[in-house]
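**Student:**
There are 2 protein chains.
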Amino acid sequence: MSERVTMRDVAAIAGVSSATVSKVINERPDVGAEVRARVLETIARLGYRPNAVARGLRARHTDTIAILTDDLEGIFTNALMRGVEDAASAYDVSVLLANSYGDPEKERRHLRRLLDRQVDGLIIMSGNRVRPRSGPALPLPGTPYVFLYEYGAAEPVPSILPDDRSGAELAARHLIGIGRRRIAFLNGPASWDATRERLDGFTATIREAGLPLEPGLVQHASSWSPEDGFALATAMLTGPEPPDAIFCGSDDLATGAMAAVLERGLTIPGDVAVIGFDDRSLAVHQRPPLSTVALPLHEMGKVAGGLLLAAIQGEPQRHEIIRVSCELRIRASTIGPDGA
Amino acid sequence: MSERVTMRDVAAIAGVSSATVSKVINERPDVGAEVRARVLETIARLGYRPNAVARGLRARHTDTIAILTDDLEGIFTNALMRGVEDAASAYDVSVLLANSYGDPEKERRHLRRLLDRQVDGLIIMSGNRVRPRSGPALPLPGTPYVFLYEYGAAEPVPSILPDDRSGAELAARHLIGIGRRRIAFLNGPASWDATRERLDGFTATIREAGLPLEPGLVQHASSWSPEDGFALATAMLTGPEPPDAIFCGSDDLATGAMAAVLERGLTIPGDVAVIGFDDRSLAVHQRPPLSTVALPLHEMGKVAGGLLLAAIQGEPQRHEIIRVSCELRIRASTIGPDGA
DNA sequence: CTGAAAGCGCTTACAG
DNA sequence: CTGAAAGCGCTTACAG
Chain A
1 MSERVTMRDV AAIAGVSSAT VSKVINERPD VGAEVRARVL ETIARLGYRP
51 NAVARGLRAR HTDTIAILTD DLEGIFTNAL MRGVEDAASA YDVSVLLANS
101 YGDPEKERRH LRRLLDRQVD GLIIMSGNRV RPRSGPALPL PGTPYVFLYE
151 YGAAEPVPSI LPDDRSGAEL AARHLIGIGR RRIAFLNGPA SWDATRERLD
201 GFTATIREAG LPLEPGLVQH ASSWSPEDGF ALATAMLTGP EPPDAIFCGS
251 DDLATGAMAA VLERGLTIPG DVAVIGFDDR SLAVHQRPPL STVALPLHEM
301 GKVAGGLLLA AIQGEPQRHE IIRVSCELRI RASTIGPDGA
Chain B
1 MSERVTMRDV AAIAGVSSAT VSKVINERPD VGAEVRARVL ETIARLGYRP
51 NAVARGLRAR HTDTIAILTD DLEGIFTNAL MRGVEDAASA YDVSVLLANS
101 YGDPEKERRH LRRLLDRQVD GLIIMSGNRV RPRSGPALPL PGTPYVFLYE
151 YGAAEPVPSI LPDDRSGAEL AARHLIGIGR RRIAFLNGPA SWDATRERLD
201 GFTATIREAG LPLEPGLVQH ASSWSPEDGF ALATAMLTGP EPPDAIFCGS
251 DDLATGAMAA VLERGLTIPG DVAVIGFDDR SLAVHQRPPL STVALPLHEM
301 GKVAGGLLLA AIQGEPQRHE IIRVSCELRI RASTIGPDGA
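Residue numbers (the UniProt record's numbering), protein chains in the order written: chain A, 1 to 340; chain B, 1 to 340.
Right, dumping it as structure tokens:
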């Protein structure tokens, strides 16, 4: 437990004032070359490291942002957080983690603690489901924030979301491209925002291609589970004119749908091509491996981090919805050995 | 952007010194009742909040710990982090997140930044695979740390790990309990520590019960994937005396094993009971839902957080391996409608 | 180009 | 029980 070396020590040994040491550390131009060299040498020799807490107190910023999530276990939390952390790290900004479990009282407590710690900004994130929310549980006077995978109804701040609409277009266009004509959409629960966006994209693309769009071909599941995918796909396949492709609103739904196809003795993708949404890790392990539309979670996190950092630098914020493009991951469930 | 209210303001308005305000805030006993009341009232009225950065500078602790992980995307990271966050939150300690991607240079940079920020302690965590590591990339003078889901070869600090051995015993005992006699163990790759621990637990339990333990019944996969589970289970089932139960080293392996059982026209659990390890979310969605040994990730995170907080309070640390008990999750793949 | 002084907002002995 | 003083380790005008 040796005494920590401080800026005073460096100054004394280098024979300069601590103001000068500070200037060297902060790379101010107004320091003479040989003085700078001497200070740098002393810093290296003593192994001096500036105390960020003292700096934060004086400089009035802490180079710290926080992620406030209501769902640290959400299936998408990891990749979102990693994106934020990457963006912050690149600017030597640290990230604090706070989990509210969706409890407003917990959120309030976290927010207070975070503000007490003088965080420079906040990312308010849902790891689980995109929905509008009524802003943070506490007003954040002068502290910028952004919504990630979530959006504020009327907050004057940006929301970063996946581009669900164009993601659905990607899937539809891919299925059309491999020659499918009766393309079903096994969509997620109707109450979700993403569900509506994707329906728009899907419908527009199918229409444009002059393909059929019967009511039976577009269904809404009541959950995102494989069980629902199985049930709905079974119903579709037992109809008079079964689809030759099924686009599912999630990889879980697609997993169930594939089981339904195989159970009826049909082949994938020979008889029915199947494509999911999300690109969770299970997709690649399906038999056959599942084609899917990948949610750009990591990129969304980076965008959110970048935007927040810019706002901290003084960039004005406004209410806007930023949609990050999804990416198609083509695997054997749409282009397989037994495929087209 | 109104001026923030400071302790000076409170003191002036309440007509006391700031030392007294500080004592009230820190709940020191040596403040008169009416003075305390007056100060408290003033604090509430002004909405005063103490600046944690200033406090940290003076008090020489920041009530902040950090999680340094090499794998923020690891499949177990979420639950581990959540446990740490829960433990920290309960004591009003914040947690900083740093991801090294397993790159020692990145780890060094993060560590330096974290130390500069005067974190009170660190949790060094792997989100992915348990293995020994050579301690943090930088010496942490006076800053306590613990290993979570990872262990230091000779570091004088605790490591928190799952109790793999007793987890395997749980599984074996369960299968014996439901009347199985030829129990196979489709274990993970031999190079993993967990694999050896589980083999010990499994072997001991089977021996104790006087059940057969032929070489063919114990196999090591070369990865944890469903594909390997499928291949190995198929080999086991085509042998002269196929098993009536398969204990798998991961849920992914078990998924593959179940596919192999079903593909051969056998029933689960009627002909072959299958149980996994981990309790990932996919387990419950299998058909039939997969029984498994749950890794106590959340609890491990809490234990790690609690131990670190104790060390920060001055509790001496030493090299020790703390094993947290796994839990059996019984589902239809061992006790099903077509079961025993 | 360099440094003396003030001060960020607290807490900690210490005196009374 | 209360407060004056010092100081945590920096940075920021400002003077020279």
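Note that beta-carbon positions come from the ideal geometry of N, C-alpha and C, so glycine has one too. Source: prediction; values computed, not measured.
Are there 16 or more other CB atoms within 10 angstroms of the CB of residue 177 of chain A, so buried, or fewer, so exposed?
**Tutor:** With fewer than 16 neighbouring CB atoms inside 10 Å of its own CB, residue 177 of chain A falls in the exposed class.
**Student:** By a C-beta neighbour count over all protein chains shown, 10 Å radius and 16 as the cutoff for buried, is residue 243 of chain B buried or exposed?
**Tutor:** buried
**Student:** Relative to the C-alpha of residue 150 of chain B, which candidate in B/318, B/216, B/304, B/31 has its C-alpha closest?
**Tutor:** Among B/318, B/216, B/304, B/31, the Cα nearest to that of residue 150 of chain B belongs to B/304.
**Student:** Is it right to say residue 71 of chain A is buried, meaning 16 or more other beta carbons lie within 10 angstroms of its own, or is it exposed?
**Tutor:** buried
**Student:** State the DSSP-derived secondary structure class of residue 213 of chain B, mapped to helix, strand or coil.
**Tutor:** coil
**Student:** For chain B, is any of its Cβ atoms less than 8 Å away from the one on residue 319 of chain A?
**Tutor:** Cβ-Cβ to chain B under 8 Å: no for residue 319 of chain A.
**Student:** How would you label residue 267 of chain B, buried or exposed, when you count the other beta carbons within 10 angstroms and need 16 or more for buried?
**Tutor:** Residue environment analysis places residue 267 of chain B among the exposed positions, since fewer than 16 neighbouring C-beta atoms fall within 10 angstroms of its C-beta.
**Student:** Which of helix, strand or coil does DSSP assign to residue 208 of chain A?
**Tutor:** helix
**Student:** Any idea what DSSP makes of residue 10 of chain B, helix, strand or coil?
**Tutor:** Under the three-state reduction of DSSP, residue 10 of chain B is assigned to helix.
**Student:** Quick one: Cα of residue 240 of chain A to Cα of residue 275 of chain B, how far?
**Tutor:** 40 Å
**Student:** In chain B, what lies closer than 7 Å to residue 99 of chain A by C-beta?
**Tutor:** Going along chain B in sequence order, the residues near residue 99 of chain A (Cβ under 7 Å) are 82, 85.
**Student:** Would you say residue 118 of chain B faces chain A, with C-beta separation under 8 Å as the test?
**Tutor:** yes
**Student:** In chain order, what residues of the same chain have a beta carbon less than 7 Å from the beta carbon of residue 92 of chain B, not counting five sequence neighbours either side?
**Tutor:** 63
**Student:** What does the alpha-carbon distance come out to for the pair residue 258 of chain B and residue 146 of chain B?
**Tutor:** Their Cα atoms are separated by approximately 38 Å.
**Student:** Give the interface partners of residue 309 of chain A over in chain B, defined as CB-CB distance under 9 Å, in chain order.
**Tutor:** Listed by position along chain B, the residues whose Cβ is nearer than 9 Å to that of residue 309 of chain A form an empty set, because the closest Cβ is around 16 Å away.
**Student:** Kindly indicate if chain B contains any beta-carbon less than 8 Å away from that of residue 62 of chain A.
**Tutor:** yes
**Student:** Does the beta carbon of residue 112 of chain A sit closer than 8 Å to a beta carbon anywhere in chain B?
**Tutor:** yes
**Student:** Which residues in chain B have a C-beta closer than 8 Å to the C-beta of residue 252 of chain A? List them in chain order.
**Tutor:** 285
**Student:** Would you grab the beta carbon distance between residue 127 of chain B and residue 74 of chain B for me? Rounded to a whole angstrom, and I think it's under 8 Å.
**Tutor:** That belief holds up - the Cβ atoms of residue 127 of chain B and residue 74 of chain B are roughly 2 Å apart, short of 8 Å.
**Student:** Going by the CB atoms, is the gap between residue 328 of chain A and residue 174 of chain A shorter than 8 Å?
**Tutor:** yes
**Student:** Shorter than 8 Å from the beta carbon of residue 19 of chain A to some beta carbon of chain B?
**Tutor:** no
**Student:** How would you label residue 78 of chain A, buried or exposed, when you count the other beta carbons within 10 angstroms and need 16 or more for buried?
**Tutor:** It counts as buried.
**Student:** Closest Cβ-Cβ distance between residue 342 of chain A and chain B: below 8 Å?
**Tutor:** Any question about residue 342 of chain A goes unanswered here, given that chain A covers just 1 to 340.
**Student:** Write down the C-beta distance between residue 322 of chain B and residue 159 of chain B rounded to the nearest angstrom, noting that I regard them as a contact closer than 8 Å.
**Tutor:** Indeed, because the Cβ distance is near 7 Å, the residues count as touching under 8 Å.
**Student:** Answer with buried or exposed for residue 181 of chain B, where buried requires no fewer than 16 other C-beta atoms within 10 angstroms of its C-beta.
**Tutor:** exposed
**Student:** Give me, in chain order, the residues of the same chain whose beta-carbon lies closer than 8 Å to that of residue 83 of chain A; leave out the 5 immediate sequence neighbours on both sides.
**Tutor:** 297, 298, 299, 300, 301, 302, 303, 304, 305
**Student:** Just the chain A side, please: which residues come within less than 8 Å of residue 72 of chain B by C-beta, in chain order?
**Tutor:** 78, 81, 82, 85
**Student:** When you check each C-beta in the segment 32-55 of chain A against every C-beta of chain B, which residues fall closer than 9 Å?
**Tutor:** 49, 50, 51, 52, 53, 54, 55
**Student:** Is residue 226 of chain A buried or exposed, if buried means 16 or more other CB atoms sit within 10 Å of its CB?
**Tutor:** buried
**Student:** Counting pairs of Cβ atoms below 8 Å between the segment 7-20 of chain B and the segment 190-205 of chain A, do you hit three or more?
**Tutor:** no
**Student:** Applying a beta-carbon distance threshold of less than 7 Å, which residues of chain B neighbour residue 226 of chain A?
**Tutor:** 285
**Student:** List, from N- to C-terminal side, the alpha helix (DSSP H) runs of 4 residues or more that fit wholly inside the segment 234-276 of chain B.
**Tutor:** DSSP runs (the alpha helix (DSSP H)) wholly in the segment 234-276 of chain B: 251-263.
**Student:** Say whether chain A places a C-beta atom closer than 8 Å to the C-beta of residue 126 of chain B.
**Tutor:** no
**Student:** Which residues, in order along the segment 126-145 of chain A, keep a beta-carbon less than 9 Å from a beta-carbon of chain B?
**Tutor:** 127, 141, 142
**Student:** Suppose you measure from the CA of residue 339 of chain B to the CA of residue 195 of chain A; what does that come to, to the nearest Å?
**Tutor:** Since pLDDT at residue 339 of chain B reaches only 47, below the 50 mark, its modelled position is unreliable, and no value is offered.
**Student:** Am I right that residue 311 of chain A and residue 179 of chain A are in contact with their C-beta atoms under 8 Å? What's the rounded C-beta distance?
**Tutor:** 48 Å between Cβ atoms; not a contact.
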